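>
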Amino acid sequence: MNDIYNDDLENIKIIGVAHISSKSVEKVREIIRNEKPDIIALELDKERFNGLIRKEEVPIKNNIKSKDLRFNLTNTILAGIQKRLGKKVEINPGEEMVAAIDEANKIGASIVLIDRDIRTTLNLLLDSLTIKEKIKAFFSILGSLFIRKKDLEKIDSIIEEDTVDDLIKEVEKKFPNVAKILIDERDLYMAKKLVELVKDNKDKKIVAIIGAGHEKGVKEYIQHLIADGLI
1 MNDIYNDDLE NIKIIGVAHI SSKSVEKVRE IIRNEKPDII ALELDKERFN
51 GLIRKEEVPI KNNIKSKDLR FNLTNTILAG IQKRLGKKVE INPGEEMVAA
101 IDEANKIGAS IVLIDRDIRT TLNLLLDSLT IKEKIKAFFS ILGSLFIRKK
151 DLEKIDSIIE EDTVDDLIKE VEKKFPNVAK ILIDERDLYM AKKLVELVKD
201 NKDKKIVAII GAGHEKGVKE YIQHLIADGL I
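Heads up: the sequence shown at position 182 corresponds to 182 in full-length UniProt numbering, and the numbers run straight through without jumps.
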């Protein structure tokens, strides 16, 4: 998949990465060092960004006391699963984003956060799930705890375009509401953010780091936005 996909957007590269992958960390560092962008856009919101740079972990007992109990417990469970999977391949979840932040600081590049607020996303998700989808999601999450290390080590081959497409189609089939909120809506949100970023910084070189599962959707939405004359 091409990183530069339209003459109007020749100053931006969109890079799809895996969130638990040492090769993705290396890829991010290499691309930033080679491209030396003025701006680095990240698939993060403010809360996740702060959590990464401060290495914050909120104890579960604090989440139980929180007014937003449903969100905080869900977020804690998902983060815990991701951390557990990361331990199996000896890499911290979000390490590719940490690498991008580190490289940005080294070259003096600006960092722009382009993802929707995690609270909005998770609350929309929890409100939209049917009982059947909640049951399916519960067992899928439970199953993820038993993924073998050798299967996780294949993650770099999973970010190939055809494989990602197949995985997204599977999610859309099993969990249509999950796919809509976690993938499609965020693809559009990030596409709009990137279009605005390019529009306001036509003389700047931009590199965007996003999950491989969002890459195709974000690029397609940007093409639609360009066709609508929004850039």
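Ideal placement from N, C-alpha and C gives every residue a C-beta, glycine not left out. What you are looking at is a predicted structure, and each value in this text was computed from that prediction instead of being measured.
Rounded to whole angstroms, what's the CA-CA distance from Tyr189 to Ala100? Just pull it up for me.
Locating residue 189 in the sequence shown gives position 189, where the first residue counts as 1. Locating residue 100 in the sequence shown gives position 100, where the first residue counts as 1. Each residue's alpha carbon lies about 21 Å from the other.
> Do you know offhand how far Met97's Cα is from Gly51's?
On the sequence shown, position 97 is the one that residue 97 refers to. On the sequence shown, position 51 is the one that residue 51 refers to. Cα to Cα, Met97 sits roughly 11 Å from Gly51.
> Apart from the five residues on each side of it in sequence, which residues of its chain come closer than 7 Å, Cβ to Cβ, to Glu35?
By one-based count along the sequence shown, residue 35 stands at place 35. Here the set comprises Lys13, Lys205, Val207.
> By Cβ distance, which residues of its chain are closer than 7 Å to Ile181, with the 5 residues on each side in sequence left out?
In the sequence shown, counting from the first residue as 1, residue 181 sits at position 181. Correct list, in chain order: Thr121, Leu124, Leu125, Ser128.
> When DSSP labels each residue in this structure, what does Val112 get in the three-state scheme?
Indexing the sequence shown from 1 puts residue 112 at position 112. In this structure, Val112 counts as strand in the three-state DSSP scheme.
> Does Ala212 pass the burial test, meaning 16 or more other C-beta atoms within 10 Å, or should it be called exposed?
On the sequence shown, residue 212 is found 212 positions in, with the first residue counted as 1. Per the 10 Å Cβ criterion, buried.
> In the DSSP assignment, find the alpha helix (DSSP H) that holds Gly94 and state where it starts and stops.
Walking along the sequence shown from the start, residue 94 turns up at place 94. First-last for Gly94: undefined, no H or E at that position.
> Measure the Cβ-Cβ separation of Arg33 and Glu103 and say whether it is below 8 Å.
On the sequence shown, position 33 is the one that residue 33 refers to. On the sequence shown, position 103 is the one that residue 103 refers to. A contact, by the Cβ cut-off of 8 Å.
> Pop quiz: Ala109 and Ile39 are said to be a contact at Cβ under 8 Å. What is the actual Cβ separation, rounded to whole angstroms?
Here residue 109 is taken as the residue at index 109 of the sequence shown, counted from 1. Here residue 39 is taken as the residue at index 39 of the sequence shown, counted from 1. Confirmed, about 6 Å.
> For Arg186, decide whether its Cβ has a neighbour in chain D, counting only Cβ atoms nearer than 8 Å.
Absence of chain D from the displayed structure is noted, only one protein chain being present.
> Please give the ranges of any alpha helix (DSSP H) in the stretch 161-224, keeping only runs that are unbroken, at least 4 residues long and fully inside the region.
With a minimum length of 4 residues, the continuous alpha helix (DSSP H) runs that stay inside the stretch 161-224 are 161-174, 185-200.
> Give me the DSSP bridge partner(s) of Ile12.
Mapped onto the sequence shown, residue 12 falls at position 12. According to DSSP, Ile12 bridges with Ile206.
> Below 6 Å CB to CB, which residues in the same chain sit around Val171 once its five sequence neighbours on both sides are set aside?
Numbered from its first residue, the sequence shown carries residue 171 at position 171. Taken in chain order, the residues that qualify are Ala179.
> Let's see if you can read the secondary structure: which residues bound the beta strand (DSSP E) around Leu42?
As a first step, residue 42 must be located in the sequence shown, where it is residue number 42. Note, Leu42: beta strand (DSSP E), 39-42.
> Taking Asp127 as part of the alpha helix (DSSP H), name the residues at either end of that continuous run.
Against the sequence shown, residue 127 aligns to sequence position 127. Residues 118-128.
> With respect to the alpha helix (DSSP H) encompassing Ile53, which residues constitute its N-terminal and C-terminal limits?
Here residue 53 corresponds to residue number 53 of the sequence shown, with the count starting at 1. It spans 46-54 - the alpha helix (DSSP H) in which Ile53 sits, taken as one unbroken run.
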